[in-house]
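Here the sequence shown is numbered in my numbering, starting from 31 and rising by one per residue. All remarks here apply to the structure that follows.
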Amino acid sequence: MKLMGWAIALAAIGLTPASLGAQTPTSAAPQAAATPVAAAPADATVPTVAATAAPAPSIVFAAPTPGIGVPDGRKGIQDQVTEVGRTAAAFHNGPLLIMCAAISLFVLLLLGYTMVKFRRSANPIPSRTSHNTLIEVIWTVVPVLILVAIAIPSIRLLRTQYSPPPADVTIKVIGNQWYWTYQYPDNGGFEIVSNILKEKSEVPAGQRFRTDADGPPLLAADERLVIPVGKVVKFIITSTDVIHAFAIPAFWTKMDATPGRLNETWVKVDRVGVYFGQCSELCGARHGYMPIAVEVVPEATFNAWIASKGGTPKGAKPSTEATPAVTPAAAPATAGTPQADRAAIAQPALNQAATAQN
Ligand SMILES: [Cu+2]
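Next comes the structure, spelled out in structure tokens:
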């Protein structure tokens with residue numbers, strides 16, 4: 031009777047063996063998914079000896095083209111490979127520079143004229159003139175007109191830059207101290223971890239180091255952000271720790287990566303190649319060591335690369351959908367967390383662990 035009493039009491043508070051069994055897998059699953067993700071950044075910052083055992087990439091990355099997408103000692107803005115970049119660079123190199131030079135020259139000449147004409151030796155009794163209505167109107171109206179002339183094309187350019195057309199590919203860019211991760215939510219949700227490539231003298235024998243084919247010192251990365259040529263690529267940019275900035279000069283792209291916030295920008299690159307950028311927000315001790323290397327490839331190559339990372343081309347049926355979801359009746363506790371989401375979390379973790387070894 032005593033046992034019966036205990037059984038009734040346990041059933042009343044819902045702690046029957048059956049309900050305990052149902053809770054266990056659901057609470058354990060997020061932990062299993064989260065563990066590799068948490069461990070990966072540590073692996074990424076401290077390369078392991080197994081680095082050389084990583085599989086070769088399925089596509090051959092291009093070597094940088096001197097003068098394109100990479101600083102080569104020239105002064106001025108890098109050659110632009112997006113329409114927005116070309117328009118902005120032309121605006122900067124044309125009207126803006128001409129206006130700046132003209133205004134600087136005018137002010138310099140005016141200063142020189144005033145210094146000579148109104149010098150003390152030539153004017154023992156200084157003029158007491160303090161107002162001149164015409165001059166005051168001119169020096170108010172002319173600067174306003176100059177600013178309006180600059181503002182109209184600038185605002186048009188900003189509107190183009192910050193109103194993304196419908197995206198062909200969406201990539202989530204995440205800044206971390208001090209490396210980048212790139213997620214491809216349209217292509218199965220896999221994730222790439224991109225670290226700086228160290229110089230030969232900085233790594234133990236047998237480990238991967240930077241070569242000229244990877245890119246210049248401080249700009250070469252072990253994993254490149256791969257995007258298709260001629261397609262609208264939307265970047266959703268955020269950070270896990272402090273403020274970073276995702277900047278690629280040849281695309282005219284610079285956007286802050288702010289923790290807890292999603293910023294958005296886009297590019298449509300019309301030239302195949304490799305382009306380099308850097309974190310452009312002072313983010314800590316290794317701020318100068320988190321380069322961005324972007325490989326722009328034809329769409330077929332992009333799809334092959336996606337497949338090599340375990341992803342699926344956009345529009346294709348993701349392999350994760352083949353797994354039947356747990357029915358709500360069998361696992362009521364999972365109702366708020368779809369099975370597909372959990373698979374999407376687990377899959378980047380596997381890719382992250384693999385790529386972190388490079
Ligand atoms: Cu940074």
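Ideal Cβ positions, reconstructed from N, Cα and C, are used throughout, including at glycine. Here the structure is a predicted model, which is why all the values come from computation and not from measurement.
Asked, Found
"Applying the 10 Å Cβ sphere with the 16-neighbour rule, what's the burial state of Thr211?", "buried"
"Would the C-beta of Glu253 count as close to ligand 1, meaning under 7 Å from any of its heavy atoms?", "no"
"What three-state label does DSSP hand Ile168 in the structure shown?", "helix"
"Compute the minimum distance between the beta carbon of Gly307 and the heavy atoms of ligand 1, and state whether it is under 7 Å.", "no"
"For a quick check, are the C-beta atoms of Lys344 and Trp296 less than 8 Å apart?", "no"
"Rounded to a whole number of angstroms, what is the C-alpha to C-alpha distance between Phe332 and Phe121?", "32 Å"
"Please determine, among Asn162, Asp242, Arg301, Val262, the residue with the shortest C-alpha to C-alpha distance to Pro195.", "Val262"
"Note down the Cα distance separating Val256 from Val304, rounded to an integer number of angstroms.", "9 Å"
"To which residues of the same chain is Asp102 closer than 8 Å at the C-beta, ignoring the five residues directly before and after it?", "Pro96"
"Given that a residue counts as buried once 16 or more other Cβ atoms are within 10 Å of its Cβ, and exposed if not, what is Tyr214?", "buried"
"What is the DSSP secondary structure of Val137, counted as helix, strand or coil?", "helix"
"Among Arg149, Leu227, Leu126, which residue has its Cα nearest to the Cα of Ala179?", "Leu126"
"Judging by CA-CA distance, which residue of Val326, Val302, Ala287 is the nearest neighbour of Cys309?", "Ala287"
"Buried or exposed: where does Val79 fall if 16 or more other Cβ atoms within 10 Å of its Cβ makes it buried?", "Caution is warranted here: a pLDDT of 38 is assigned to Val79, below 50, making its placement in the model unreliable, and the coordinate value is therefore given only provisionally. Classification for Val79: exposed."
"Since Gln108 contacts Arg116 with CB under 8 Å, what's their CB separation in whole angstroms?", "Rounded, the Cβ-Cβ distance is 11 Å, inconsistent with contact."
"Report the rounded CA-to-CA distance for Glu113 versus Val299, giving the unit in angstroms.", "8 Å"
"Can you tell me where the alpha helix (DSSP H) holding Phe332 begins and where it ends?", "329 to 338"
"I'd like the list of long-range same chain contacts for Asn293, defined as Cβ closer than 8 Å, with 5 residues on each side in sequence excluded.", "Ile266, Ile267, Thr268, Met285, Asp286, Ala287"
"Going by C-alpha to C-alpha distance, which of Val167, Ile89, Ile176, Arg158 sits closest to Ala132?", "Ile176"
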